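Read top to bottom, the protein sequences are chains C and H. Counting from 422, one number per residue, gives the positions in the first sequence under the working numbering. Counting from 422, one number per residue, gives the positions in the second sequence under the working numbering. Glycine included, each C-beta is placed from N, C-alpha and C at the ideal position. Nothing here was measured: the structure is a model prediction, and the numbers come from that model.
Protein chains: 2
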Amino acid sequence: MTAESALAARAFKKVVALSGGVGGARLVHGLSRVLPPEALTVVVNTGDDFEHWGLHIAPDVDTVVYTLADLAHVERGWGLADESFATLDMVRRYGDDAWFQLGDRDLATHILRTRDLQRGVPLSAITARLAKALGVTCTVLPMADGPCRTMIETEADGTLPFQTWFVSRRTEPKVKRVRFDGRPEAAPGVLDALAEADVIVLPPSNPYVSIDPILSLPGVRDAILTKGHARIVAVSPIVGGLAIKGPLAEMIPALAGAPASAAAVAKHYGAMLAGMVVETGDEAGLASLAPLPVLATRTVMKSRDDSAALARETLAFAAKVLR
Amino acid sequence: MTAESALAARAFKKVVALSGGVGGARLVHGLSRVLPPEALTVVVNTGDDFEHWGLHIAPDVDTVVYTLADLAHVERGWGLADESFATLDMVRRYGDDAWFQLGDRDLATHILRTRDLQRGVPLSAITARLAKALGVTCTVLPMADGPCRTMIETEADGTLPFQTWFVSRRTEPKVKRVRFDGRPEAAPGVLDALAEADVIVLPPSNPYVSIDPILSLPGVRDAILTKGHARIVAVSPIVGGLAIKGPLAEMIPALAGAPASAAAVAKHYGAMLAGMVVETGDEAGLASLAPLPVLATRTVMKSRDDSAALARETLAFAAKVLR
């Protein structure tokens, strides 16, 4: 850790990151290397959660936990690094649903979670227990214990649950609108963490389907505005007009009527935003949003060291912006 | 097939086998090789069924189906031959229940069954679909769609569910009594099959915990007695005073107050029994039960050919006895 980044890490007693899946998890992993465990709380999107084979799947929660535990399959972006697919093979032999790839080790997570949910244990308590068992030391909170389902209203194929649209239909049906079915209370600890946070980091996650579900929960926007000044520093998920992963680049023109850019993402977050971290070269479009502070740097995370470096730079930038 | 056994197979239009797990499944496999598919119905014990990891496990049904599909692990006596245990490893990593060994491929069965049960599909319909998908051509019926749980009342440890006593406690607590919690209707097809059967074969399964649960269901004994004469031919699960597999040799003295023997098993079935197949050397003890017809032969099944040979001999013996 450099002197500057050590300083940045010490500048914040409480950092909250809101996160979707892959991109979010990568920056969160970096933050977990830079901050002491008690200083980091991650609030994870559960709008993508769904039932498959009768099991409760929480893709973003698992991606974040597996990534923090250094067990994730980094290149693939989902599931565990050391994985096999024997159960899936047998399901295929039974002629049953094999469109969603669940690995054998990954299944343990879904099976135990589903069992405990049926026993009445809240998702947040289950997540805390499983994360701890895997050695995760910071706090990981699913955004809510109750269901909030991201639904994709398409132009030609009606309304599809997110996973159906994303995995089974490969994001091909053109998006008209995103809505959330269900508006559960935020999970215990979420509003307090947001209210107390010195800085709220939005990693490069999809604003519409990863961050907005969290922002849609009762009390979340108020908690973010508690201190009376903008505390969000976002890392742009758009690099050179493209999304590193996922369907965001096509969603922005469809939903915001603007080209995919860091500026479009910044506009989306509006007054809550205290600063924006973008890929060098992408800062131009943000000039129109002045006086929004912008850090132009390398934001693409290909390794764990990239993640830690970006986390350090983001915190140092936040420390300056929020001084 | 020899001329004699071909004749025996043709002598019966409808054979019903009642079955527990391993020993039962082996003879049932033999019967399936000797009889045309439409002539064989297997009614399988579900008293051992239980919930594990929130999944509905039906150990005897699965052993019978896997064995009939030539997918069973023959030596081990449970699960699939080609199996891995990655999910179990991960469950262990989570510090959760790892006392019952569920394989990755096997899990597909429990997962799909549990999902369909929760959707309201009866166990019998689920079993039919899964068995068919694995290529099983004869009829396999779980004894009931509703729960009937075998409970072991022990001398010193209170009452234990069967699997807890059998697997987790390794049958160590001494049995005082066996009882069945729940008395559901027999599954669709069970009573008709029993009423119509030319012969009812009891393979070498444990009478107390594999066969009695089936006999305890409403209407089953009446259906067995429909034709007014004994139609059961049983293969003794006791060979030379020992059980080939499982806790039967200790259960007979505890529950019947007699030494473990083929005769004790024959007495247990009483007037329903038309004939008994025993290991050569074990027929002596049965003399006191004359005039019960007895076939002394080799009953230990170590290979699929052993199973088919014993099935042929049993049917030929039944054809003589029931002539």
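- In the three-state scheme derived from DSSP, where H, G and I count as helix and E and B as strand, Ala616 of chain C is classed as helix.
- As the crow flies, the alpha-carbon of Met693 of chain C is around 17 Å from that of Pro658 of chain C.
- About 5 Å separates the Cβ atoms of Val620 of chain C and Ala739 of chain C, confirming a contact at the 8 Å cut-off.
- Below the 8 Å Cβ cutoff, chain H contributes Ala529, Ile532 and Leu533 as neighbours of Val512 of chain C, in chain order.
- The beta-carbon of Gly516 of chain C is placed less than 8 Å from the nearest beta-carbon of chain H.
- The beta carbon of Ser505 of chain C falls within 8 Å of a beta carbon belonging to chain H, placing the residue at that interface.
- Excluding its 5 nearest sequence neighbours in each direction, His473 of chain H has C-beta neighbours in its own chain below 6 Å: Phe521, listed in chain order.
- For the region 511–592 of chain C, the full-length alpha helix (DSSP H) segments reaching 4 residues or more read 525–539 and 544–554 along the chain.
- The Cβ-Cβ distance between Val486 of chain C and Leu528 of chain C does not fall below 8 Å.
- By the 16-neighbour rule on beta-carbons within 10 angstroms, Ser709 of chain C is exposed.
- In this structure, DSSP gives Asp703 of chain C a state outside helix and strand, which the three-state scheme calls coil.
- For the C-beta of Gly475 of chain H, the chain C residues within less than 7 Å are, from N- to C-terminus, Ile532, Thr535, Arg536 and Gln539.
- When DSSP states are grouped into helix, strand and coil, Leu731 of chain H belongs to the helix group.
- Leaving aside the five residues that flank Ala677 of chain H on each side, the residues in its chain whose CB is nearer than 6 Å to its CB run, in chain order, Ala685.
- Cα atoms of Val698 of chain C and Thr530 of chain H: separation of roughly 48 Å, rounded to the nearest angstrom.
- Nearest to Lys597 of chain H by alpha-carbon distance, out of H:Ala493, H:Leu555, H:Glu671 and H:Val482, is H:Glu671.
- When the Cα atoms are used, Leu646 of chain H and His477 of chain H turn out to be separated by approximately 33 Å.
- Pro668 of chain H counts as buried, since no fewer than 16 other beta carbons sit within 10 angstroms of its beta carbon.
- The shortest CA-to-CA distance from Ala687 of chain H to any of H:Thr701, H:Leu713 and H:Gly662 is the one to H:Leu713.
- Contact between Val611 of chain C and Val464 of chain C holds, since their C-beta atoms are separated by about 5 Å, short of 8 Å.
- Taking 8 Å as the CB threshold, Arg526 of chain H lines the interface with chain C.
- Contact between the region 442–451 of chain C and the region 728–737 of chain C is established, with three or more Cβ pairs separated by less than 8 Å.
- Here Arg600 of chain H has Met572 and Glu574 as same chain residues with Cβ atoms under 7 Å from its own Cβ, once five neighbours each way along the sequence are excluded.
- Counting only the Cα atoms, Val443 of chain H lies some 52 Å from Ile635 of chain C.
- No Cβ of chain H is located within less than 8 Å of the beta carbon of Thr592 of chain C.
- The beta carbon of Thr508 of chain C sits closer than 8 Å to some beta carbon of chain H.
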